[in-house]
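A.B. asks: Okay, here's the structure, questions in a sec.
Number of protein chains: 2
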Amino acid sequence: MSINNGTYFPPASLDELIEKFPTPSVAKTVRLIDYLDEGVPGPEHFTIGEGPVPTLTPDGDGDILIQVVAMSADPYLRVGIKPGGGKNPGDAMNGFVSGFVLASNSEKWIPGDFVGASTDFTNIQVLTKAAQAKTAIWKLTGFLDAEHLSYGVGILGMPGSTAYGGLIDVLKPNKGETLFVSAACGAVGGLVGQIAKTQYNCKVVGSCGGDEKGAIILDKFKFDHHVDYKKCDDEAALAAALKVAAPDGIDMYFENVGGMHFQVAMSALRPKGRIAICGCIANYNNASASADGQQTSPVFNHINIGAMIYSAQRIEGFMCRPWLSGQKGNFLSDMAKWLHEGAFAVPEETHFQGIENWAAGFQSLFTGANKGKVVIMV
Amino acid sequence: MSINNGTYFPPASLDELIEKFPTPSVAKTVRLIDYLDEGVPGPEHFTIGEGPVPTLTPDGDGDILIQVVAMSADPYLRVGIKPGGGKNPGDAMNGFVSGFVLASNSEKWIPGDFVGASTDFTNIQVLTKAAQAKTAIWKLTGFLDAEHLSYGVGILGMPGSTAYGGLIDVLKPNKGETLFVSAACGAVGGLVGQIAKTQYNCKVVGSCGGDEKGAIILDKFKFDHHVDYKKCDDEAALAAALKVAAPDGIDMYFENVGGMHFQVAMSALRPKGRIAICGCIANYNNASASADGQQTSPVFNHINIGAMIYSAQRIEGFMCRPWLSGQKGNFLSDMAKWLHEGAFAVPEETHFQGIENWAAGFQSLFTGANKGKVVIMV
Numbered sequence: 002m003s004i005n006n007g008t009y010f011p012p013a014s015l016d017e018l019i020e021k022f023p024t025p026s027v028a029k030t031v032r033l034i035d036y037l038d039e040g041v042p043g044p045e046h047f048t049i050g051e052g053p054v055p056t057l058t059p060d061g062d063g064d065i066l067i068q069v070v071a072m073s074a075d076p077y078l079r080v081g082i083k084p085g086g087g088k089n090p091g092d093a094m095n096g097f098v099s100g101f102v103l104a105s106n107s108e109k110w111i112p113g114d115f116v117g118a119s120t121d122f123t124n125i126q127v128l129t130k131a132a133q134a135k136t137a138i139w140k141l142t143g144f145l146d147a148e149h150l151s152y153g154v155g156i157l158g159m160p161g162s163t164a165y166g167g168l169i170d171v172l173k174p175n176k177g178e179t180l181f182v183s184a185a186c187g188a189v190g191g192l193v194g195q196i197a198k199t200q201y202n203c204k205v206v207g208s209c210g211g212d213e214k215g216a217i218i219l220d221k222f223k224f225d226h227h228v229d230y231k232k233c234d235d236e237a238a239l240a241a242a243l244k245v246a247a248p249d250g251i252d253m254y255f256e257n258v259g260g261m262h263f264q265v266a267m268s269a270l271r272p273k274g275r276i277a278i279c280g281c282i283a284n285y286n287n288a289s290a291s292a293d294g295q296q297t298s299p300v301f302n303h304i305n306i307g308a309m310i311y312s313a314q315r316i317e318g319f320m321c322r323p324w325l326s327g328q329k330g331n332f333l334s335d336m337a338k339w340l341h342e343g344a345f346a347v348p349e350e351t352h353f354q355g356i357e358n359w360a361a362g363f364q365s366l367f368t369g370a371n372k373g374k375v376v377i378m379v
Numbered sequence: 002m003s004i005n006n007g008t009y010f011p012p013a014s015l016d017e018l019i020e021k022f023p024t025p026s027v028a029k030t031v032r033l034i035d036y037l038d039e040g041v042p043g044p045e046h047f048t049i050g051e052g053p054v055p056t057l058t059p060d061g062d063g064d065i066l067i068q069v070v071a072m073s074a075d076p077y078l079r080v081g082i083k084p085g086g087g088k089n090p091g092d093a094m095n096g097f098v099s100g101f102v103l104a105s106n107s108e109k110w111i112p113g114d115f116v117g118a119s120t121d122f123t124n125i126q127v128l129t130k131a132a133q134a135k136t137a138i139w140k141l142t143g144f145l146d147a148e149h150l151s152y153g154v155g156i157l158g159m160p161g162s163t164a165y166g167g168l169i170d171v172l173k174p175n176k177g178e179t180l181f182v183s184a185a186c187g188a189v190g191g192l193v194g195q196i197a198k199t200q201y202n203c204k205v206v207g208s209c210g211g212d213e214k215g216a217i218i219l220d221k222f223k224f225d226h227h228v229d230y231k232k233c234d235d236e237a238a239l240a241a242a243l244k245v246a247a248p249d250g251i252d253m254y255f256e257n258v259g260g261m262h263f264q265v266a267m268s269a270l271r272p273k274g275r276i277a278i279c280g281c282i283a284n285y286n287n288a289s290a291s292a293d294g295q296q297t298s299p300v301f302n303h304i305n306i307g308a309m310i311y312s313a314q315r316i317e318g319f320m321c322r323p324w325l326s327g328q329k330g331n332f333l334s335d336m337a338k339w340l341h342e343g344a345f346a347v348p349e350e351t352h353f354q355g356i357e358n359w360a361a362g363f364q365s366l367f368t369g370a371n372k373g374k375v376v377i378m379v
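Chains as they are written, first to last, in my numbering: chain L, 2 to 379; chain P, 2 to 379.
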């Protein structure tokens, strides 16, 4: 995990942080009420559990106590609450959070350090040394300021490292190539297209639904073309819309949604084309067709593998971990540098206030009520 | 293209070669009679055209005259004779050949040099400087002897470089991983599995049809398991047979056939698994479903792209050219070294005698009458 300080912003003192973010008197955790196989998850599927505020114990060498300021709600969490998906009724939900260190028994951390982590959705919690070793945890001190702690679950967290790794190391753009990206106005898609445009001079075609999102990707993110998939009734219509934007085909497709987008991208993919599979939100709310605990719905796409030989095409799935952890690339320093330079726009964030509204934020991902990254400010 | 001499075998003199391979008095070329969309190609679909023996012209700077000793018959040629596949009635067939230089106006070649090339299936022919620049052509001098010129269309040619590049640079084996390879007794598959076993200590499961081929891959190639696909009536039966051989799944699949093999491999593929798409012979004799000149039959496989994300799996098509040309890796020297060391067995070769029997050799690829590499000794 990356535990170096950045140099773009001065550190904050613990006193300043506590004044800005008062320490909670009760520990609150988002918990699952029951499995949900099919359909859109909402507030009725989650509850808030309460408990005493934890403290560090003297024998807890390496442990830290953290206060969570921002929690993430991400589409991939939908898979975990299906039967067999990993979560059971009553379980704490967990995912990406950002916040700061309140107390430390670790030489790697000092009180006031900004931190990003994958952990339980609990507002105040101890991260033991053992827990730190097993999960994703990264230091954000110097990479952002207290006003922008939400970036720790966005551009400087999972979505940022997903965009960074998926574009740079999976798709491997060449200067001037054409990139197609779905969920283009989202937390990941918005970054993918902007890094491709500003760092690789790519032509970028973004798919997202509606004029409002279309205006964001064209005017704010400076993408070259908007494909409005909501105006496309079927695969042929989407293919025709992409053809208008990219008449000579595409070199890369960054897949965030699955379904007909994949088919259309595959049919437009040029020789030596690459597809990075990042997400598949189109399928997440479908019923699992098998009862054997399979995590994702078996909604199949089809490919002509014979046609991939002469064209030397590649399809590759990936997750952010190697880049978020610093094992590959220089995610935190590169992204913070671009952010500091104003190289491109920070994708939209839709904020929900209070841990009690985590479920409402999560729901918005599937109803399209959000714009960009959904953040719950605790 | 690779034009360095090897050091494993002494060069031959032109006189020795001409004594062993008398210079033909007529130039003969394999020609296509008519398109064949569906079904197995055979001798009735090809004819031999005759013409005068060509010579070098004084102004042909860089040109060489070559005598072909061995011609290849490869499954991929089936695609070219479909309507719209590239060949028209009367056209010369072309593909991989090996032979030696009879006369040279090029400083890169001397008479007696062994040569491999992708060119017309003509027994004696001029390769102009321009033709050499456009095609695959590589020097075999020092990498083999006159007794084994057929290796130039096998282990030291297209099949060898396909196995080498596809395994080493596309699949990227880690020590001890499990590899599944189809057409395991073939010119490519036999090498893939042996390189994986001897150089990467992989567990190798090979699929091929019948006890005779099974004995070859187990006894001669030292593969760990034989899956007899001819005993598997459907995908479920093939999956069960693979499960017996590799109960914990596979890390890599080298795809030579397509169809149900791909589905079975995909369902057995472990996290971080890779599939290299090399060939798709199961589809080549099917009718093209579209009349728009599409080269390969659109026989679709299906994939669950959502499941590829968490598992970080990859599917990649490739062709041999970068490795055959020396642009990537060290194919010729590595393979000749392994051959010289006796690191593994040379895959079977089935020889057909005389250019007139090229079509019979080609047909044998689709009837299973061949074992390993089909070579037409001209």
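For every residue, glycine included, the Cβ atom is placed at its ideal position computed from N, Cα and C.
Roughly how many angstroms lie between the CA atoms of Glu256/P and Glu236/P, to the nearest whole one?
C.D. replies: Residue mapping note: residue 256/P aligns to position 255 of the second sequence, counting from 1. Residue mapping note: residue 236/P aligns to position 235 of the second sequence, counting from 1. Between Glu256/P and Glu236/P, the C-alpha separation is close to 15 Å.
A.B. asks: Cβ atoms of Phe122/L and Thr30/L: under 8 Å apart, would you say?
C.D. replies: As a first step, residue 30/L must be located in the first sequence, where it is residue number 29. As a first step, residue 122/L must be located in the first sequence, where it is residue number 121. The answer is yes: Cβ separation under 8 Å.
A.B. asks: Answer with buried or exposed for Thr179/L, where buried requires no fewer than 16 other C-beta atoms within 10 angstroms of its C-beta.
C.D. replies: Residue 179/L sits at position 178 when you count from the first residue of the first sequence. With 16 or more Cβ atoms within 10 Å of its Cβ, Thr179/L is classed as buried.
A.B. asks: Quick one: does Asn202/L have its CB under 8 Å from some CB of chain P?
C.D. replies: On the first sequence, residue 202/L is found 201 positions in, with the first residue counted as 1. With 8 Å as the cut-off, Asn202/L does not count as an interface residue toward chain P.
A.B. asks: Does any residue of chain L bring its CB to less than 8 Å from the CB of Ser291/P?
C.D. replies: Numbered from 1 along the second sequence, position 290 holds the residue referred to as residue 291/P. Confidence in Ser291/P is poor, its pLDDT being 35 and thus under 50, which makes the residue's placement unreliable; the coordinate value appears in the next sentence. So, not an interface residue.
A.B. asks: Determine the DSSP secondary structure at Asp234/L, reduced to helix, strand or coil.
C.D. replies: Translated into positions along the first sequence, residue 234/L becomes position 233. The answer is coil: DSSP assigns Asp234/L none of H, G, I, E or B.
A.B. asks: Between which two residues does the alpha helix (DSSP H) carrying Ile218/L extend?
C.D. replies: The sequence position of residue 218/L within the first sequence is 217, counting from 1. It is not in any alpha helix (DSSP H) - Ile218/L carries neither H nor E in the DSSP assignment.
A.B. asks: CA-CA distance, Phe367/L and Leu66/L?
C.D. replies: Working through the first sequence from its first residue, we reach residue 367/L at position 366. Working through the first sequence from its first residue, we reach residue 66/L at position 65. If I take the Cα positions, the gap works out to 33 Å.
A.B. asks: Who pairs with His46/L in a beta bridge, going by DSSP?
C.D. replies: As a first step, residue 46/L must be located in the first sequence, where it is residue number 45. Answer is none; His46/L lacks a bridge partner.
A.B. asks: Mind listing, in chain order, the continuous beta strand (DSSP E) runs of no fewer than 3 residues lying wholly within the segment 94-177 of chain P?
C.D. replies: 95-105, 115-121, 125-128 and 138-140
A.B. asks: With a threshold of 8 Å on Cβ separation, who are the neighbours of Thr8/P within its own chain once the five nearest residues in sequence on each side are excluded?
C.D. replies: Numbered from 1 along the second sequence, position 7 holds the residue referred to as residue 8/P. Excluding positions up to five away in sequence, the list reads Gly143.
A.B. asks: Please work out which residues of its chain come closer than 6 Å, Cβ to Cβ, to Ile278/L, disregarding the five sequence neighbours upstream and downstream, and give them in chain order.
C.D. replies: The sequence position of residue 278/L within the first sequence is 277, counting from 1. Cβ within range, chain order: Glu256 and Gly318.
A.B. asks: At 7 Å on the CB atoms, spell out the chain L contacts of Gln314/P, in chain order.
C.D. replies: Counting from one through the second sequence, the residue named residue 314/P turns up at place 313. In chain order: Gly318.
A.B. asks: Is it true that the segment 225-245 of chain P meets the segment 160-173 of chain P, where meeting means three or more beta-carbon pairs spaced less than 8 Å apart?
C.D. replies: In this structure the segment 225-245 of chain P does not touch the segment 160-173 of chain P; the number of beta carbon pairs closer than 8 Å is below three.
A.B. asks: Between the segment 268-282 of chain P and chain L, which residues of the former have a C-beta closer than 8 Å to a C-beta of the latter?
C.D. replies: Ile278, Cys279, Gly280 and Cys281
A.B. asks: Any beta carbon of chain L sitting closer than 8 Å to that of Glu256/P?
C.D. replies: Sequence index remark: in the second sequence, residue 256/P carries index 255 (1-based). With 8 Å as the cut-off, Glu256/P counts as an interface residue toward chain L.
A.B. asks: Chain P partners of Gly259/L, CB-CB under 9 Å?
C.D. replies: Reading the first sequence from its first residue, position 258 is the one you call residue 259/L. Ordered by position in chain P, the residues that pass the 9 Å Cβ test against Gly259/L are Ile306 and Gly307.
A.B. asks: Under DSSP, the beta strand (DSSP E) around Leu37/L begins and ends at which residues?
C.D. replies: Residue numbering aside, residue 37/L sits at position 36 when the first sequence is read from its first letter. Per DSSP, Leu37/L belongs to no beta strand (DSSP E) and is neither H nor E.
A.B. asks: Could you check whether the Cβ of Phe263/P sits closer than 8 Å to any Cβ belonging to chain L?
C.D. replies: Within the second sequence, the letter at position 262 stands for residue 263/P. It does; some Cβ of chain L falls within 8 Å.
A.B. asks: Might you give, ordered along the chain, the residues of its own chain that have their beta carbon closer than 8 Å to the beta carbon of Lys21/L, omitting 5 neighbours on each side?
C.D. replies: Start at 1 with the first residue of the first sequence, and residue 21/L comes out as number 20. Excluding sequence neighbours, Lys21/L sits near Ala147.
A.B. asks: When DSSP builds the beta bridges, which residues end up paired with Phe319/P?
C.D. replies: Counting from 1 along the second sequence, the entry for residue 319/P is found at position 318. Paired residues: none, contrary to the question.
A.B. asks: Using 8 Å as the threshold, is the C-beta distance between Pro53/L and Ala28/L below it?
C.D. replies: Taking the first residue of the first sequence as 1, we reach residue 53/L at position 52. Taking the first residue of the first sequence as 1, we reach residue 28/L at position 27. In this structure, Ala28/L lies closer than 8 Å to Pro53/L by Cβ.
A.B. asks: Specify, as a first and last residue, the run of the beta strand (DSSP E) that Gly274/L falls within.
C.D. replies: For the purposes of this step, residue 274/L is taken as residue 273 along the first sequence, with counting starting at 1. Leu270 to Ile278 is the span of the beta strand (DSSP E), which, as asked, contains Gly274/L.
A.B. asks: Using only CA atoms, which one of Asp249/L, Lys83/L, Lys140/L and Ala246/L lies nearest to Val102/L?
C.D. replies: Position 101 of the first sequence holds residue 102/L. With distances taken between Cα atoms, Val102/L lies closest to Lys140/L.
A.B. asks: Could you give the distance in angstroms between the alpha-carbon of Val80/P and the alpha-carbon of Ser312/L?
C.D. replies: Position 79 of the second sequence, counted from the first residue, corresponds to residue 80/P. Position 311 of the first sequence, counted from the first residue, corresponds to residue 312/L. If you take the alpha carbons of Val80/P and Ser312/L, they lie about 14 Å apart.
A.B. asks: Would Ala346/L pass as a contact of Gln195/L if the rule is Cβ separation under 8 Å?
C.D. replies: In the first sequence, residue 346/L corresponds to position 345, counting from 1. In the first sequence, residue 195/L corresponds to position 194, counting from 1. In this structure, Gln195/L lies closer than 8 Å to Ala346/L by Cβ.
A.B. asks: Just to confirm the assignment, what range does the beta strand (DSSP E) spanning Lys204/P have?
C.D. replies: Within the second sequence, numbered from 1, the residue matching residue 204/P stands at position 203. Start and end: Lys204 to Ser208.
A.B. asks: Determine contact between the segment 195-211 of chain L and the segment 351-363 of chain L, defined as no fewer than three beta-carbon pairs at a distance below 8 Å.
C.D. replies: no
A.B. asks: Alpha carbon to alpha carbon, how far is Gly190/L from Cys233/L?
C.D. replies: Position 189 of the first sequence, counting from 1, holds the residue named residue 190/L. Position 232 of the first sequence, counting from 1, holds the residue named residue 233/L. So the alpha carbons of these two residues sit roughly 20 Å apart.
A.B. asks: Give me, in chain order, the residues of the same chain whose beta-carbon lies closer than 7 Å to that of Ala185/L; leave out the 5 immediate sequence neighbours on both sides.
C.D. replies: Looking up residue 185/L in the first sequence gives position 184. Gly191, Gly194, Gly207, Ser208, Cys209, Ile218 and Phe224.
A.B. asks: Buried or exposed: where does Pro84/P fall if 16 or more other Cβ atoms within 10 Å of its Cβ makes it buried?
C.D. replies: Position 83 of the second sequence, counted from the start, is the residue given in the question as residue 84/P. Pro84/P is exposed by the Cβ-count criterion.
A.B. asks: When the Cα atoms are used, what is the spatial distance from Thr163/P to Cys321/P?
C.D. replies: Position 162 of the second sequence holds residue 163/P. Position 320 of the second sequence holds residue 321/P. Taking the straight line joining both Cα atoms gives about 5 Å.
A.B. asks: With DSSP collapsed to three states, give me the class of Asp212/P.
C.D. replies: Residue numbering aside, residue 212/P sits at position 211 when the second sequence is read from its first letter. In the structure shown, Asp212/P falls within a helical segment according to DSSP collapsed to helix, strand and coil.
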